[in-house]
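Reading the sequence shown from the start, the letters are residues 1 to 38 in full-length UniProt numbering.
For glycine and all other residues, C-beta sits at the position ideal for the given N, C-alpha and C.
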Amino acid sequence: MCRAILRAFGYVCSYLLSIYILCAAVMDFKRSQAHCRN
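Structure follows, in structure tokens:
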């Protein structure tokens, strides 16, 4: 039971981490695009 909860928690953590990395990459891409435009 506890192991299943830990596994689900690990899945949620990795999911949130991937979303955070994706958002950071998009922000960095937009920033570099805006920098190139100026």
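Residue i versus residue j: straight-line alpha-carbon distance, rounded
i: MET27; j: ILE19; result: 12 Å
i: VAL15; j: GLN33; result: For clarity, residue 15 is Tyr in the given sequence; the question names Val instead. Approximately 27 Å between the Cα atoms of the pair.
i: MET2; j: CYS36; result: Note on identity: in this sequence residue 2 is Cys, with Met being the wrong assignment. When rounded, the distance between both Cα atoms is 51 Å.
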